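**Q**
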Amino acid sequence: DSGVTQTPKHLITATGQRVTLRCSPRSGDLSVYWYQQSLDQGLQFLIQYYNGEERAKGNILERFSAQQFPDLHSELNLSSLELGDSALYFCASSVRPGAGYTFGSGTRLTVV
Amino acid sequence: GEDVEQSLFLSVREGDSSVINCTYTDSSSTYLYWYKQEPGAGLQLLTYIFSNMDMKQDQRLTVLLNKKDKHLSLRIADTQTGDSAIYFCAEGSNNAGNMLTFGGGTRLMVKP
Numbered sequence: 006d007s008g009v010t011q012t013p014k015h016l017i018t019a020t021g022q023r024v025t026l027r028c029s030p031r032s033g034d035l036s037v038y039w040y041q042q043s044l045d046q047g048l049q050f051l052i053q054y055y056n057g058e059e060r061a062k063g064n065i066l067e068r069f070s071a072q073q074f075p076d077l078h079s080e081l082n083l084s085s086l087e088l089g090d091s092a093l094y095f096c097a098s099s100v101r102p103g104a105g106y107t108f109g110s111g112t113r114l115t116v117v
Numbered sequence: 080g081e082d083v084e085q086s087l088f089l090s091v092r093e094g095d096s097s098v099i100n101c102t103y104t105d106s107s108s109t110y111l112y113w114y115k116q117e118p119g120a121g122l123q124l125l126t127y128i129f130s131n132m133d134m135k136q137d138q139r140l141t142v143l144l145n146k147k148d149k150h151l152s153l154r155i156a157d158t159q160t161g162d163s164a165i166y167f168c169a170e171g172s173n174n175a176g177n178m179l180t181f182g183g184g185t186r187l188m189v190k191p
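Line order of the protein sequences matches chains A and B.
Heads up: take any position in the first sequence, counting from 1, add 5, and you land on the working numbering.
Heads up: take any position in the second sequence, counting from 1, add 79, and you land on the working numbering.
1) Going along the chain, which residues of its own chain have a beta-carbon closer than 6 Å to the beta-carbon of A:H78, five neighbours each way excluded?
2) Compare the C-alpha of B:Y166 against each of B:A156, B:M188, B:N145 and B:H150 and name the closest.
3) With a threshold of 6 Å on Cβ separation, who are the neighbours of A:Q73 within its own chain once the five nearest residues in sequence on each side are excluded?
4) In the DSSP assignment, find the beta strand (DSSP E) that holds A:E67 and state where it starts and stops.
5) If you follow the beta strand (DSSP E) that A:Y55 is part of, which residue opens it and which one closes it?
6) Along the chain, where does the beta strand (DSSP E) that runs through B:D137 open and close?
7) Could you tell me if A:L44 is buried or exposed, where buried requires 16 or more neighbouring beta carbons within 10 angstroms of its beta carbon?
8) Exposed or buried, which one is B:I128 when buried takes at least 16 other CB atoms within 10 Å?
9) What three-state label does DSSP hand B:T104 in the structure shown?
10) Between A:L88, A:A71, A:Q11 and A:R101, which lies nearest to B:A120 when the distance is taken from Cα to Cα?
11) In angstroms with no decimal places, state the Cα-to-Cα distance between A:S119 and A:G105.
12) Determine the closest residue to A:L51 out of A:G8, A:I17, A:A92 and A:V116, with distance taken between C-alpha atoms.
Here it is as structure tokens:
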């Protein structure tokens, strides 16, 4: 157990639907990062939050949004889902520069 | 922007040494990391090296850094079938956001 908890582990939903992925960072970590991993695109950075504030944005679609709550857990909202959104979504957390990231085990999203 | 490149695939025989290579472009990189991803799992931090070091050894793992050429390598001695996984290198600088840039990953296949 890495200490980063992601729920649910698996999610199957239909095109056009909306889902919410949840992440609880490791205790003491203030930064949360969201990544998408698909077979053809590798590991793509989506967005970072630090202590409740958005810090950096990567290749995140407008249909996707995220937030970090006062208790530091984070949610990634994916709407108007398309088949191409099927992927593994990872959350990672870190405490300080140099410490690296601790990854959760991911949420596998399948859009049918 | 920053870029991290890795070869896609490496195949070795059990008991041989594996060397996975990585190049990066950001000269301000302070930390360089190696992560391992087994099938269906998240990324696990294997080891890291500070940019002011040339080498770091940790049991079967040896990390070599050539800062002049911006080249990083991971050597796995006595490679085992359990080492079969995808290996990602990542670079980061000493910034408050602790942003890491990941390579595309190298799939290591170990044949018995």
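Built from N, CA and C at the ideal position, the CB exists for glycine as well.
None of these values were measured; they are calculated from a predicted model.
**A** Quick answer:
1) S29
2) B:M188
3) V37, Y54, G57 and S79
4) A:E67 -> no beta strand (DSSP E), and no H or E assigned at all.
5) G47 to Y55
6) M134 to D137
7) exposed
8) buried
9) coil
10) A:Q11
11) With chain A covering only 6 through 117, there is no way to say anything about residue 119 of chain A.
12) A:A92
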